[in-house]
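Chains as they are written, first to last, in this note's numbering: chain A, 1 to 316; chain B, 317 to 833. We put the CB at the ideal spot given by N, CA and C, even for glycine. Take a look at the structure set out below.
If you want it as structure tokens, here you go:
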């Protein structure tokens, strides 16, 4: 990356002024490549493109029927760190949990951003369709506000299962659905799981900043890279499954690493990279902590997978 | 002439909160707190396998993660007759203790501090500290680029705002540092819980993880880093700011609640869970300083101002509430929990008052600080120190249990895993935001009734059958406020650290307050 007149140079200088070293940024892009299943050789290219394009992208983050777990999950990212994400990479114009402004000022900040366009919209939480009164902001129905913000967005990222498919609220009577169910003619990417896995979100944003396009998506609008294989495919308990060795009692030392199928694991039906790419800085994931996969990234979740802790064979 | 103003959305809290106040001659005279989002978690739970409640209620809130999952497990265990082995208790203590270590600093720096700091005063920092200069450069480069979101827009700084460049710059440096620290604390929870938010290792009867030595070593390494931040940055910042620049607000007792305090107690310190790190009890405003023994039969929930069909105040086990969106006179779906009929505050200040915690009482008396918003921040910092100290004790105890060459300690009550035909249980616990209770009835092996009475339901509760306003509504009365710049209003609200997704029974019809004064 030492070419003369490198168009990314000014971008890098900009980064450095903001306290991100070129090395850090390249590392971030390498992580993006790995996470998206891209050729690692592409990392410098992505880094260049992203750095050259790097005027901070305006972001509107809206919360419907959710728990703020996806916002907290974004803040659980350690590489890049949360301050790099919210101050250096993005221009966060509206985020109910993070922004200084309240009330009218907050809404105004969002409206100004919508008027100018060229922003990314993130949805966290589901959208109630049975009665708009189940989610109101500023005395107005959330569904209308969300549609209005989505109409002018360059892309909509639905984070977490509630925003993608309705998630747990869909099991109730509020008519909870995901972003794709109320939008048409808008670029959408779904990042289901409960909560959103932060490296996926950061990578999709970085990819978008560099390529001005969304990564390759499957028919459920999920990046193929994260949802191509089942959890079962890369589970480290898989060999025990093949040998019919199942954990029945969590106290039993012999069977600690056995397959969790009899405890209700949905890993065979759940498309996710959790077992291959662990959570929270790569420290663990549900199965590693001995708990069965609940299928949290699937459209059927939660209702379609309940009850969660029962051997599926016994249940049927 | 009174002026009515609306703050909606109240940001930098969890979830959807709308506050309406009447301001007369510069002072708040009436206040209404309204939640504006509803999911119907309790309804979703009816008819389910009781063990699913732990997983579902974990997702009531993504901020006080682990608190609901744990408390739900306690309720179901009570109904199952399950006994949680000590090793599992310790894993729960450590996993959830780490949550408190990320949650309390995050509340101070990221949710509250921007109401008190004049961020732009950083431009006047003249010191030579390298790290502070880096922070100054970072913020001024944002200003030069004309893009200071999300730090602006904001309410205008007022007479109470902190403008001292040294304090502001230090606090902002810690704001940035705390963003990293809270992510590290989440990593601690994930070591024991699989991931965080929404750990998955707490299940009915115990935990699913049998921690390995290297996992506990890793946990301890990060704990040391997080504790260092708590002890050298968070607690000193809170104490210095609250007793210094905010002393005036503190001495005036701005944001004082009802004066009655409730805590259930939490974090078992022994096998049977009789002794707890945080004690349970009740302090009545009628006899301040006298701690009464907790009697949960005195807990009732009223629905007089809530969007639920009319009913007498009832104990959570007996409640059978149905949504009524069109109920006349109601203005929120938050119910009104009361203790022996009294409006009660829960949370850090309540916990420390129930414990009569000497370090907090000493600071308050030394600086003349009365119960109110500033005291809440101080209480939160003081109890964080109780947690940090206990974390090391729990870790040591767990390491000892697991290092035994002869006995492998149990982590789960396998015998009571399956649900009984009939059962009734309650789980009482402390979450970062206050006293948390889950009540369950089991009929024919499935959940027949499930009620959560959560901290924010206590604090954001509306007027009850006797017209008594809830704690936040009361705390706002008498607060000096500028209708065009109501920064003092949000300061008071945020001192309670509301968590609206937890207070699940909320809605505001049409955005119009239906309640007639």
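Which of helix, strand or coil DSSP assigns to residue 765/B: strand
Residue 525/B vs residue 508/B beta-carbon contact at 8 Å: yes
Chain-ordered neighbours of residue 283/A on chain B, where CB pairs are closer than 8 Å: 503, 506, 507 and 534
Residue closest to residue 56/A, alpha-carbon to alpha-carbon, out of 301/A, 105/A, 134/A and 120/A: 120/A
Interfacial residues, the region 779 to 800 of chain B to chain A, with Cβ spacing under 7 Å: none
Any C-beta of chain A under 8 Å from that of residue 654/B: no
Neighbouring residues, chain B, relative to residue 310/A (Cβ below 8 Å): 365
Proximity to residue 212/A [Cα-Cα], best of 155/A, 265/A, 167/A and 245/A: 155/A
Per DSSP, the bridge partner or partners of residue 728/B: 522/B
Listed by chain order, chain A residues near residue 610/B by CB distance under 9 Å: Within chain A, no residue comes near residue 610/B; the closest Cβ sits about 28 Å away, beyond 9 Å.
Chain B contact residues for residue 56/A, given Cβ-Cβ distances below 7 Å: 463
Below-8 Å beta-carbon distance, residue 80/A vs any chain B residue: no
Rounded straight-line distance, which links the Cα of residue 162/A to that of residue 300/A: 11 Å
Closer than 8 Å to chain B by CB, residue 111/A: no
7 Å Cβ cut-off: residues of chain B touching residue 95/A: 466
Among 415/B, 486/B and 707/B, nearest to residue 436/B - alpha-carbon criterion: 486/B
Option in 430/B, 442/B and 497/B with minimal Cα separation from residue 465/B: 430/B
Assigned exposure category for residue 3/A - 16 Cβ within 10 Å defines buried: With a pLDDT of only 34 at residue 3/A, under the threshold of 50, the placement of this residue in the model should not be trusted, and no figure is reported.
Coil, strand or helix - residue 109/A by DSSP: helix
Chain A contact for residue 354/B (CB, 8 Å cutoff): yes
Residue burial classification, residue 109/A (beta-carbon count within 10 angstroms, cutoff 16): buried
is_contact[residue 569/B, chain A] using C-beta, thresh 8 Å: no
Rounded separation between residue 561/B and residue 476/B - CA only: 7 Å
Beta bridge counterpart(s) of residue 598/B as assigned by DSSP: 578/B and 608/B
Residue 530/B versus residue 322/B: straight-line alpha-carbon distance, rounded: 52 Å
Chain A contacts from the region 375 to 394 of chain B (Cβ-Cβ distance under 9 Å): 375, 376, 377, 378, 379 and 381
Three-state class that DSSP yields for residue 351/B in the structure shown: strand
Interface residues of chain A facing residue 496/B [CB-CB closer than 9 Å]: 78, 81, 82 and 83
contact_flag[the region 127 to 135 of chain A, the region 60 to 70 of chain A] where n(CB pairs < 8 Å) is 3 or more: yes
contact_flag[the region 322 to 338 of chain B, the region 633 to 641 of chain B] where n(CB pairs < 8 Å) is 3 or more: no
Straight-line Cα distance separating residue 813/B from residue 846/B: The structure shown does not extend to residue 846/B, since chain B is modelled only from 317 through 833, so no value can be given for it.
is_contact[residue 331/B, chain A] using C-beta, thresh 8 Å: yes
Distance, residue 598/B Cα to residue 787/B Cα: 15 Å
Three-state class that DSSP yields for residue 583/B in the structure shown: strand
Nearest neighbour of residue 70/A, chosen from 378/B, 383/B and 386/B [CA to CA]: 378/B
Test item: CB-CB of residue 227/A and residue 184/A under 8 Å: no
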